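Presented below is the structure to which this report refers.
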Ligand SMILES: [Zn+2]
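What follows is the structure, encoded as structure tokens:
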């Protein structure tokens, strides 16, 4: 499954970042997904815990931050946000979009980590 390999890459990246930061585990992963990134969110959510098993992300919550499609129109000299079905034309003047500004994102926005817990904290996380 396409999304499983994506999830594995994301987990690998976040796990490495968390280890570098001295985390004992990752609580939350915020992931930006562009509307035309070609990601099936359901499939990614299904794959995420599988990819996260035996890593610092094993119990992490996956928060998806949707990124709308935005194009730049040279004729209007301004950006426009598109609605589905995302025909890459200016919604105002119908010129073909000169540039895609947003919508293909697939990147970790941030992670929330838990630093190595003190012994007395152990009961709080059974
Ligand atoms: Zn335009």
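Numbering (the working numbering), first residue to last: 131 to 256.
Every residue, glycine too, gets a C-beta built ideally from N, C-alpha and C.
These numbers were taken from a predicted model, which means no experiment stands behind them.
So, is residue i buried or exposed, given that buried needs 16 or more other C-beta atoms within 10 angstroms?
i           : result
residue 177 : buried
residue 133 : buried
residue 145 : buried
residue 137 : buried
residue 251 : Here the model assigns residue 251 a pLDDT of 49, short of 50, so the residue's position is not dependable, and the following value carries that caveat. When all chains shown are included, residue 251 counts as exposed.
residue 233 : buried
residue 197 : buried
residue 188 : exposed
residue 204 : exposed
If we call anything under 8 Å between Cβ atoms a contact, is residue i one with residue j?
i           : j           : result
residue 199 : residue 160 : no
residue 167 : residue 230 : no
residue 201 : residue 209 : yes
residue 216 : residue 153 : no
Roughly how far, in whole angstroms, is the beta-carbon of residue i from the beta-carbon of residue j, given that I think they are within contact range, below 8 Å?
i           : j           : result
residue 148 : residue 241 : 6 Å
residue 157 : residue 244 : 6 Å
residue 221 : residue 212 : 6 Å
Mind checking which residues open and close the beta strand (DSSP E) that includes residue i?
i           : result
residue 161 : 153–164
residue 218 : No beta strand (DSSP E) contains residue 218, which DSSP labels as neither H nor E.
residue 171 : From DSSP, residue 171 is part of no beta strand (DSSP E) but of the alpha helix (DSSP H) over 171–182.
residue 234 : Element bounds for residue 234: n/a, residue is neither H nor E.
residue 209 : 208–211
Grab me the residues of residue i's own chain with a C-beta within less than 8 Å of its C-beta, minus the 5 sequence neighbours each way, in chain order.
i           : result
residue 195 : 160, 161, 162, 163 and 239
residue 206 : 220, 222, 223 and 225
Grab the span of the alpha helix (DSSP H) containing residue i for me, first residue to last.
i           : result
residue 134 : 132–150
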